[in-house]
Amino acid sequence: MSQTMPSARQRRLRTWIFWAVPVLLLLLPLATNPYTQFIANGMLVSVLVTLGFTLTIGNLGQLAFANTAFFGIGAYASAILAAKLGVPWLLTIPLAGAFGALGGFLASAAALRGIRSYYLAIITLAFGELMRWGYTHFSPLTGGTDGTPMPRETLFGISLTDDTLKFYVFLGVTVLLVKGTLNLLRSRFGRAVMAVRENEIATASLAIPTSRVILVTFMWSGFVVGCAGALFARHVGHVFPESFGMLHLIASFAMVLVGGLGSVLGSVLGAVLLTALPEYLRAFPGMEELFFGLIVAGVLVLMPMGLASLLRRLSPIFVERHYREAP
Amino acid sequence: MKTFTSMLAAAALAATPLLAQDWETEGLSEDAITIGVMGPFSGNASSYSKALVGMMAYYDKVNEEGGVHGRKLIAVQEDTACDSAKGLAAAKKLISQDKVFMLQGNSCSGVALALRPTIEEAGLPWIVAHAVSDSISDPLAKNIFHGVPTGGANGRAMAAFVLSKPDTSNVAIIEHSNDWAHSYSNPARDYLEENGVSPSLELTMERGQTDATAQVLKLRQEKPDFIIAALYEAETAIFLRDLVKYGMGDVPVMGTAGTDLENTLKRTGDFETVQNYYVIHSYVDNLDGPLMQQWGEMIHKYNPDEELSTFSFVSIGSAEALVSALEAVGPDLTRSKLMAALEEVRDFDTGILSDPITWTPEDHQGVKGSAVAGFVDGEPTVLRAWGQPY
Chain A
36 MSQTMPSARQ RRLRTWIFWA VPVLLLLLPL ATNPYTQFIA NGMLVSVLVT
86 LGFTLTIGNL GQLAFANTAF FGIGAYASAI LAAKLGVPWL LTIPLAGAFG
136 ALGGFLASAA ALRGIRSYYL AIITLAFGEL MRWGYTHFSP LTGGTDGTPM
186 PRETLFGISL TDDTLKFYVF LGVTVLLVKG TLNLLRSRFG RAVMAVRENE
236 IATASLAIPT SRVILVTFMW SGFVVGCAGA LFARHVGHVF PESFGMLHLI
286 ASFAMVLVGG LGSVLGSVLG AVLLTALPEY LRAFPGMEEL FFGLIVAGVL
336 VLMPMGLASL LRRLSPIFVE RHYREAP
Chain B
116 MKTFTSMLAA AALAATPLLA QDWETEGLSE DAITIGVMGP FSGNASSYSK
166 ALVGMMAYYD KVNEEGGVHG RKLIAVQEDT ACDSAKGLAA AKKLISQDKV
216 FMLQGNSCSG VALALRPTIE EAGLPWIVAH AVSDSISDPL AKNIFHGVPT
266 GGANGRAMAA FVLSKPDTSN VAIIEHSNDW AHSYSNPARD YLEENGVSPS
316 LELTMERGQT DATAQVLKLR QEKPDFIIAA LYEAETAIFL RDLVKYGMGD
366 VPVMGTAGTD LENTLKRTGD FETVQNYYVI HSYVDNLDGP LMQQWGEMIH
416 KYNPDEELST FSFVSIGSAE ALVSALEAVG PDLTRSKLMA ALEEVRDFDT
466 GILSDPITWT PEDHQGVKGS AVAGFVDGEP TVLRAWGQPY
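These protein sequence lines are chains A and B, in that order. Going by this note's numbering, the first residue of the first sequence is number 36, and it counts up by one from there. Going by this note's numbering, the first residue of the second sequence is number 116, and it counts up by one from there.
Right under this line is the structure:
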């Protein structure tokens, strides 16, 4: 399917929309209660998790499932730094991102050794499970199955249990990381990422250091998801090993696919929809899992390229330069 | 301007008691008390939601009898899926959107631990009716009450039963290397040491292990009088099977509340493996015993298809204590009055839990002990101590 690229005017409009949406979102707390605000905060965390995931699996084209490991690493790094070393939570966000990037570095080792496809999938899945084993068994550091509670803290004199305050911090971090990722994907480096996805050998023959491209993409993915982990730690206030298991991975993967594999816009849409959906389905006790499965399957059958493809059909404004639909 | 500011301040001051009054009676009406009930109604741990069935059947029974001072107990259920984020969403929904009067329920200690800061800050009464982690209600929070034996209480009850067997001095411990197991073994170890007994051997059996030969051979060398096993049900069955296999079937084993005599027997399929196995059993009788019959019938009356298990009864005792406190408050109910009444509950005999409920202003962990179940003359029997039927 050919894609109409946006004109210069449409690109300017797109930039305007990009900044207008978070500015409008600043008003959201006026319309929420603590419950709906909590859900909105969860959506922002999910956006970053999905964004990091789609980078490796969609943009780089590697069947890597270490995403939940990066998320857990970030969450535990933030919780441990805050609870045990007294580091202010705000400062733990980039530090958690750095730990997540380190996780990305370790996860990329398998890819750099030429391991691909299902083999890479199983190794990265094992990496995630290994991390979860670590959270459970390194009790003096992680609190074991009892987890690590986030310390009570204030920011600008307001308690960080306040969901509205958290929302503004989460929104700021999300906008920065989404913008950073978009810039990365639109850069020369981003084109190299896409080239690796399309044909790694051909890319290497053009003197593009594919190993470095893979390594940096995994690390950036780890950074983004690690930061999401720090937000999650403050979001729930207590970090447990169970939060970083296979169910979380499946949910994140569903968000990537429903939004549109490799699409930044799709990451946002998928995360928002699949975070909100289970809350709407609370009205159908006992049937939530069935309805959730049916809706996800329905979206994927009717829109195999994800929700972002719907918007792309609507207007070229939503066509992402780094994104290429399957023929 | 000064006058306007003064008027505004006066208005705000006048409104404060009204707002406090609103908070005190939120979720109450002339004929209903809304109670938020959180549990894992979906997901991997949804079987634990059975723990809330008994409590809600008790609400139904009270409602059928006219309610409490004319008010019906209306349960507003929310799913936690045994996940901390979903549990927090459920709690925030119940508190800020549904505006329930109080909360009761909760399986999954991890979720309850994550909820504690939010609920403590919200200040409405919360009775924990299934989750056992001591940290949910300790340190003390004014509005959080534990209505079942905690892990610590169960661990101490396990050790007390072990030491009640005459001439027991050599005790070994086998456990998983996770905090669930430690929540039983640590208080058990403390109790043993307080009574001059140090475990002679401490072994680990990891989750998913399908053979316990190495552990059993070490135990055979040590010849313990009693073994404390903080293991999940599947690993318990493997351990008991291997004990019999290596000629140690006559050594008594004390298990946690996470296992059940009948289910363990089903897993091993051999009575010889469980004839010396004892488990924490928080009830006054066997599940099919005469003292439990009325509770089973009550559950079936309101939930005809419910398949009864140990979990089905666990939350009834705390529901009874709640109703007793609501009755003590009288028709002029507020949240503060209810919490004060709960702190006055002393030695409350529920008729279902083996130990009474006592809540004081200094201690909200209401149930301090537990009975034990084991096979006596081939029949499952509830015991207060070694050789002493309940």
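In this text, a Cβ means the ideal position worked out from N, Cα and C, and glycines have one as well.
- A distance below 8 Å between beta-carbons, with the five flanking residues on each side excluded, links leucine 241(A) to the following residues of its chain, in chain order: Ala230.
- Taken atom to atom, the span from the alpha-carbon of serine 152(A) to that of glycine 328(A) is near 26 Å.
- Relative to glycine 149(A), the option among Val293(A), Ala237(A), Thr245(A), Val271(A) whose CA is nearest is Thr245(A).
- Per the Cβ contact rule, the stretch 163–180 of chain B is in contact with the stretch 425–436 of chain B (3 or more Cβ pairs under 8 Å).
- Under the DSSP definition of a beta bridge, phenylalanine 260(B) partners with Ile242(B).
- Here valine 271(A) is buried. Its C-beta has 16 or more other C-beta atoms within 10 Å.
- In the DSSP secondary-structure assignment, glutamate 141(B) is not bridged to any residue.
- When C-beta distances to chain B are compared with 9 Å, the residues of the stretch 177–210 of chain A below that value are Gly178, Gly179, Thr180, Asp181, Gly182, Pro184, Met185, Arg187, Ser194, Thr196, Asp198, in chain order.
- In this model, leucine 217(A) and leucine 83(A) are separated by some 13 Å (Cα to Cα).
- Within the same chain, Cβ atoms closer than 6 Å to the Cβ of tryptophan 474(B) are found at Phe260, Leu457, Glu458, Val460, Gly481, the five residues on either side in sequence being excluded.
- Within the stretch 185–202 of chain B, contact with chain A at the beta-carbon level (separation under 9 Å) is assigned to Gln192, Glu193, Asp194, Ala196, Cys197, Asp198, Ser199, Ala200, Lys201, Gly202.
- In the displayed model, aspartate 305(B) falls within a helix according to three-state DSSP.
- One Cα belongs to leucine 337(A), the other to methionine 413(B), and the distance between them is close to 48 Å.
- Contact residues of the stretch 60–92 of chain A toward chain B are Asn68, Pro69, Tyr70, Thr71, Gln72, Phe73, Ile74, Gly77, Val80 (C-beta to C-beta distance below 9 Å).
- Interface flag for threonine 171(A) against chain B is set, since a Cβ pair is found closer than 9 Å.
- The residue among Lys187(B), Gly154(B), Ala275(B), Gly158(B) with its C-alpha nearest the C-alpha of proline 446(B) is Lys187(B).
- Not a single CB atom of chain A sits nearer than 9 Å to the CB of asparagine 221(B).
- For valine 331(B), DSSP assigns no beta-bridge partner whatsoever.
- The beta carbons of alanine 306(A) and methionine 166(A) sit no closer together than 9 Å.
- When 7 Å is used as the limit between beta carbons, valine 271(A) is near these residues of chain B: Ser199, Ala200, Leu203, Ala229, in chain order.
- Closest in alpha carbon position to leucine 195(A), among Leu266(A), Ile285(A), Val299(A), is Leu266(A).
- In the displayed model, valine 460(B) falls within coil according to three-state DSSP, outside both helix and strand.
- Within the stretch 293–310 of chain B, contact with chain A at the beta-carbon level (separation under 7 Å) is assigned to Asn293, Asp294, Trp295.
- With respect to the C-alpha of proline 155(B), the residue from Gly182(B), Thr465(B), Lys201(B) having the closest C-alpha is Lys201(B).
- The C-alpha of isoleucine 92(A) is placed about 20 Å away from the C-alpha of alanine 239(A).
- In this structure, the alpha-carbon of valine 210(A) lies about 15 Å from that of leucine 62(A).
- Counting every other CB atom within 10 Å of its CB across the protein chains shown gives proline 276(A) a total of 16 or more, marking it as buried.
- Annotation: the stretch 273–323 of chain A contains the following complete segments of the alpha helix (DSSP H) (minimum length 4 residues), in chain order: 281–294, 299–315.
- With a threshold of 16 other beta carbon atoms within 10 Å, tyrosine 392(B) meets it and is buried.
- Contact between glycine 163(A) and alanine 101(A) holds: their C-beta atoms lie close to 6 Å from each other, under 8 Å.
- DSSP places arginine 322(B) in the coil class of the three-state scheme, outside both helix and strand.
- CA-CA distance, methionine 217(B) to serine 211(B), rounds to 12 Å.
- A residue is called buried once 16 or more other Cβ atoms fall within 10 Å of its Cβ, and methionine 322(A), having fewer, is exposed.
- For histidine 270(A), the enclosing alpha helix (DSSP H) covers residues 245–271.
- Residues of the same chain with a CB within less than 7 Å of the CB of tyrosine 174(B), apart from the 5 flanking positions on each side, are Leu188, Ala190, Ala434 in chain order.
- Taking the CA atoms as reference points, alanine 318(A) sits about 16 Å from leucine 309(A).
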